[in-house]
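Numbering (our numbering), first residue to last: 159 to 669.
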Ligand code: NAD
């Protein structure tokens, strides 16, 4: 049974019903916004943006602090909404959907004013004697935000906090799989006293998302799959608007012989199964050097067998959030099984639970001709491959179309850095996994098919702005250097300057 159903309706808009993936019970219905609805939302947001940009950083930050209060005071409401939509474990809803948004609101409310303060730049060489330069970071206007279903609140609030602090308005198209938590964020914005139309939510599926890209927005901030990201990038290219694309991943974990194997086994489990494996920086491939392979595998199995899966009370691994993802997980495991992989545990739907539950699974004897090691699986799967040494592990880690994140486990921090440098991904963690997105000091973004552009921190924040250089002549009076009329004498003078400045060692030093 699908967890998203079309509802017959006389209304001009398509209506969808969402079901909980854990209980399969309906959790609500919503109308898909039409292209006209989207354009109207963008117009309203544009009107709200002007006054918002004029407020300045301190006042905008005050609004964000009040929004933060909403998150702190309504923690249970957020967790309940996200758990109903996704079936994830409550602990994951708290850490990902409450803690991470709170931390992002705090960071950007505190630091955006400093990061985006006008910058005076020293101009090099002779020009510096005549000109001054200042760079001001202007808001872009209205940002179109399109988000996926795996972190519905976090992946909304982290970019929202940045776009708002930079002085923009935001029109948001949440995933059709998790359509309601964005409405909660909108309510919090209203209750925190943000201008009513500054953050607009347009619900719907891909059609509504495509309409948002075509509406009069000034940038698209997209998080989702590679296939959709490509379509979004093509449309943004045609419209000549910037976009950031945070796309899928196939993160590799490398376990060196000198790793703390207990910590690495814990990391393998949480890295692979956290958020039911629906994490862009989730660990999808594990390469273990043969020296410690058997010991590591035993430690992983001991831990994996203790994992509790469920839909109520205390449990570790929740539901698969979407039936379409279940199809992919099953396809990858069956493909691996058929090609000779050994399924040591799991490898099937949980027969004891009614909802969409795939058992935490440990697979070995995997190879790179299996979908499990090449395409994004996005499920609670621990896939382990034995390798001869670290060089082979690095080569296999890099043998991927994806390049989001990766992790290395070793007691030797120097070696950890060296291996990290050799992995072709946007980011790498040493003795840790998946944390980079949560560190605003780190520019986050994928390489290869995993995305374009950087989000978060200084680079991400600046991506919501136009850096406008304002140059000024120091004198501002008298004749303009190099102006009309052109004369032979002027030409000869310029050529002498070029020779002196760029043709002599002293000149080059001065320039
Ligand atoms: P998806 O691409 O199917 O959908 C993402 C969003 O795009 C949804 O809101 C969807 O309705 C919308 N959409 C669909 N078609 C569209 C179109 N033609 N134009 C505009 N919008 C359209 O992705 P998903 O299945 O929701 O999310 C899972 C993917 O997201 C995984 O690949 C995961 O790795 C990735 N992801 C990446 C990051 C990151 O930071 N790199 C973070 C979280 C998730």
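The C-beta atom is built at its ideal place from N, Cα and C for all residues, glycine as well. A quick note: this is a predicted structure, and the numbers were derived from the prediction, not measured.
| field | Distance between beta carbons of residue 177 and residue 323, contact taken as under 8 Å | value | The pair is not a contact, with the Cβ atoms about 36 Å apart (cut-off 8 Å).
| message | Between residue 217 and residue 240, how many whole angstroms is the CB-CB distance? I'm expecting something under 8 Å. | response | The pair is not a contact, with the Cβ atoms about 30 Å apart (cut-off 8 Å).
| message | Quick check: does the Cβ of residue 363 come within less than 7 Å of any heavy atom belonging to ligand 1? | response | yes
| field | Three-state secondary structure (DSSP) of residue 383 | value | coil
| message | Comparing C-alpha positions only, which one of 205, 270 and 364 sits nearest to residue 303? | response | 364
| message | Quick test of the definition: if touching needs 3 or more C-beta pairs under 8 Å, does the stretch 454-464 touch the stretch 485-496? | response | no
| query | What residue from 545, 507, 368 and 474 has the CA that sits closest to residue 132's CA? | reply | Summary: the structure shown does not reach residue 132, with the chain confined to residues 159 through 669, and so no result is reported for it.
| Is the closest heavy atom of ligand 1 to the C-beta of residue 405 under 7 Å? | yes
| Excluding sequence positions up to five away, which residues of its chain have a Cβ less than 7 Å from the Cβ of residue 296? | 623, 624 and 626
| request: Can you tell me which of the three DSSP states residue 302 falls into? | output: strand
| query | Going straight from the alpha carbon of residue 360 to that of residue 404, what length do you get? | reply | 20 Å
| query | Hey, would you say residue 311 sits closer than 8 Å to residue 335, going by beta carbons? | reply | no
| request: Go ahead and pull the three-state DSSP assignment for residue 333. | output: Note: residue 333 maps to coil in three-state DSSP.
| query | Counting pairs of beta carbons, one from the stretch 430-450 and one from the stretch 535-542, are three or more of them closer than 8 Å? | reply | yes
| Measuring CA to CA, which of 197, 494, 246 and 456 is closest to residue 367? | Cα-wise, what sits closest to residue 367 is 197.
| message | Tell me the residue span of the alpha helix (DSSP H) that contains residue 259. | response | Bounds of the alpha helix (DSSP H) holding residue 259 are 258-273.
| Buried or exposed: which applies to residue 230, given that a residue is buried once 16 or more other Cβ atoms fall within 10 Å of its Cβ? | exposed
| task | Can you tell me which of 506, 516 and 195 puts its alpha carbon nearest to the alpha carbon of residue 434? | result | The candidate whose alpha carbon is nearest that of residue 434 is 516.
| request: Inspect the beta-carbon positions of residue 577 and residue 399 and report whether they are closer than 8 Å. | output: no
| request: Could you name the residues of the same chain whose beta carbon sits closer than 8 Å to that of residue 612, not counting the 5 residues immediately before and after it, in chain order? | output: 402, 601, 602, 603, 618 and 621
| Using DSSP with H/G/I as helix, E/B as strand and the rest coil, what is residue 593? | coil
| message | Alpha carbons only, please: which of 266, 452 and 660 is nearest the one belonging to residue 321? | response | 266
| query | Counting pairs of Cβ atoms below 8 Å between the stretch 463-472 and the stretch 559-577, do you hit three or more? | reply | Fewer than three Cβ pairs drawn from the stretch 463-472 and the stretch 559-577 lie within less than 8 Å of each other, which leaves the two stretches out of contact.
| query | Can you give the Cα-Cα distance for residue 629 and residue 380, rounded to whole angstroms? | reply | 34 Å
| task | Grab me the residues of residue 190's own chain with a C-beta within less than 7 Å of its C-beta, minus the 5 sequence neighbours each way, in chain order. | result | 171, 172, 174, 361, 362, 363, 365 and 366
| said: Please classify residue 662 as buried or exposed, where buried requires at least 16 other C-beta atoms within 10 Å of its C-beta. | reply: exposed
| Hey, would you say the C-beta of residue 166 is under 7 Å away from at least one heavy atom of ligand 1? | no
| What runs of the beta strand (DSSP E), each 3 residues or longer, lie entirely inside the stretch 503-550? | 519-522 and 539-545
| query | Does the beta carbon of residue 536 fall short of 7 Å from some heavy atom of ligand 1? | reply | Yes, the Cβ of residue 536 comes within 7 Å of a heavy atom of ligand 1.
| said: Looking only at its chain, what residues have a beta carbon closer than 6 Å to the beta carbon of residue 581, apart from the 5 residues adjacent to it on each side? | reply: 555 and 564
| query | Would the beta-carbon of residue 519 fall within 8 Å of that of residue 500? | reply | no
| request: Report the rounded CA-to-CA distance for residue 507 versus residue 357, giving the unit in angstroms. | output: 39 Å
| query | Buried or exposed: where does residue 234 fall if 16 or more other Cβ atoms within 10 Å of its Cβ makes it buried? | reply | exposed
| Taking the alpha-carbon positions, what's the residue 410 to residue 210 distance? | 43 Å
| field | Residue span of the alpha helix (DSSP H) that contains residue 317, given as start and end | value | 312-323
| field | Cα-Cα separation, residue 668 to residue 280 | value | 14 Å
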